[in-house]
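**Q**
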Amino acid sequence: RAAAPRDSWSSESSGSSGSWDPLYRVVLLGDPGVGKTSLVNLFAGLQERDLLEQHGEAAYKRTLSVDGEETTLLVMDTWEPEHRRRSQCLQVGNAYVIVYSITDRGSFESASELRIQLRRARQAEDIPIILVGNKTDLVRCREVSVEEGRACAVVFDCKFIETSAALQHNVAELFEGVVRQIRLRRGGKES
Ligand code: GDP
Numbered sequence: 050r051a052a053a054p055r056d057s058w059s060s061e062s063s064g065s066s067g068s069w070d071p072l073y074r075v076v077l078l079g080d081p082g083v084g085k086t087s088l089v090n091l092f093a094g095l096q097e098r099d100l101l102e103q104h105g106e107a108a109y110k111r112t113l114s115v116d117g118e119e120t121t122l123l124v125m126d127t128w129e130p131e132h133r134r135r136s137q138c139l140q141v142g143n144a145y146v147i148v149y150s151i152t153d154r155g156s157f158e159s160a161s162e163l164r165i166q167l168r169r170a171r172q173a174e175d176i177p178i179i180l181v182g183n184k185t186d187l188v189r190c191r192e193v194s195v196e197e198g199r200a201c202a203v204v205f206d207c208k209f210i211e212t213s214a215a216l217q218h219n220v221a222e223l224f225e226g227v228v229r230q231i232r233l234r235r236g237g238k239e240s
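Going by UniProt numbering, the first residue of the sequence shown is number 50, and it counts up by one from there.
#1: Taking 8 Å as the cut-off, is the beta-carbon of Ala221 closer than that to any non-hydrogen atom of ligand 1?
#2: Can we say the stretch 194–206 touches the stretch 221–236, given the rule of at least three CB pairs closer than 8 Å?
#3: Can you give me the Cβ contacts of Ala215 inside the same chain, cut-off strictly under 6 Å, excluding the 5 residues immediately before and after it?
#4: Tell whether a beta-carbon distance below 9 Å holds between Leu113 and Gln217.
#5: When burial is assigned at 16 or more other CB atoms within 10 Å of the CB, is Ala173 buried or exposed?
#6: Which first and last residues belong to the beta strand (DSSP E) in which Thr120 is found?
#7: Hey, which residues come within less than 6 Å of ligand 2, measuring from Cβ to any heavy atom, in chain order?
#8: Taking C-beta to C-beta, are Leu223 and Val146 nearer than 9 Å?
#9: Determine, using beta-carbon pairs with one atom in the stretch 109–126 and one in the stretch 154–174, whether at least three such pairs fall under 8 Å.
#10: In or out: Ile165 buried (at least 16 other Cβ within 10 Å) or exposed?
#11: Given a cut-off of 9 Å on the beta-carbon distance, is the pair Val148 and Gly226 in contact?
#12: Evaluate Ser194 with the Cβ neighbour count: other Cβ atoms within 10 Å of its Cβ, from every protein chain shown; 16 or more gives buried, anything less gives exposed.
#13: Name the residue from Pro71, Glu196 and Cys207 whose alpha carbon lies nearest to the alpha carbon of Glu118.
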């Protein structure tokens, strides 16, 4: 299945040249304070920042070259647990990054809950999901082991990576991983 953009943003996806330049929407989910904004800022800051105000919310667009091919991601940092449009957040993504903090077991449990909500909202779809354990620099405050994170990802059938936004560790790898997961599901027809 091609993860085609939808709705009002579909105009973003085709250049005036008429060539098909797919734009994939990546939504970050996770408890407040786990580092979503920090991760998105790193993603956006590596190149000229392209801040799009959509319905008053922030999204950052960037074209990544991964394995010799370019892919444009629109990364949305719009998730708030009590957000009135949270069901919309669960509908619009072509891929999801579920973030917890390795120093906060509650956020790890929330990540599992979010995975379940996502599965419920997008039942028949095979959407790329990456589980992210952030704040690995806070070694002495760790509450969730790497093994637990990895095991959770196996149970929930998603990819797993640990990052440190503070040290900029594994952040580029995270978004490259998102691109690869999206490509895997295109059925190879564009690769
Ligand atoms: P959000 O609410 O999920 O968007 O989280 P923020 O990105 O606003 O981060 C919450 C707090 O955690 C801020 O004070 C960040 O500076 C801090 N933070 C984010 N990522 C890391 C990290 O990898 N390591 C450390 N030590 N602090 C982090």
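Glycine included, each C-beta is placed from N, C-alpha and C at the ideal position.
**A** According to the structure data:
#1: Position 172 of the sequence shown, counted from the start, is the residue given in the question as residue 221. Because no heavy atom of ligand 1 lies under 8 Å away, the Cβ of Ala221 does not count as near it: no.
#2: No, the stretch 194–206 is not in contact with the stretch 221–236.
#3: As a first step, residue 215 must be located in the sequence shown, where it is residue number 166. Asp186.
#4: The count along the sequence shown starts at 1 and reaches residue 113 at position 64. The count along the sequence shown starts at 1 and reaches residue 217 at position 168. No, Cβ-Cβ distance for Leu113 and Gln217 is not below 9 Å.
#5: Mapped onto the sequence shown, residue 173 falls at position 124. The residue is exposed, with fewer than 16 neighbouring Cβ atoms inside 10 Å.
#6: For the purposes of this step, residue 120 is identified with residue 71 of the sequence shown, where counting begins at 1. According to the DSSP assignment, Thr120 belongs to the beta strand (DSSP E) that extends over Glu118 to Met125.
#7: Ligand 2 is not among the ligands present in this structure, which contains only ligand 1.
#8: The sequence position of residue 223 within the sequence shown is 174, counting from 1. The sequence position of residue 146 within the sequence shown is 97, counting from 1. Cβ atoms of Leu223 and Val146: closer than 9 Å.
#9: The stretch 109–126 and the stretch 154–174 do not touch, with fewer than 3 CB-CB distances between them shorter than 8 Å.
#10: Residue 165 sits at position 116 when you count from the first residue of the sequence shown. Ile165 counts as exposed, since fewer than 16 other C-beta atoms from the protein chains shown sit within 10 angstroms of its C-beta.
#11: Position 99 of the sequence shown holds residue 148. Position 177 of the sequence shown holds residue 226. Cβ distance not < 9 Å, so Val148 and Gly226 don't count as in contact.
#12: As a first step, residue 194 is located in the sequence shown; it is residue number 145 there, counting from the start. Here Ser194 is exposed: its Cβ has fewer than 16 other Cβ atoms, across all protein chains shown, within 10 Å.
#13: Taking the first residue of the sequence shown as position 1, residue 118 is located at position 69. Among Pro71, Glu196 and Cys207, the Cα nearest to that of Glu118 is on Pro71.
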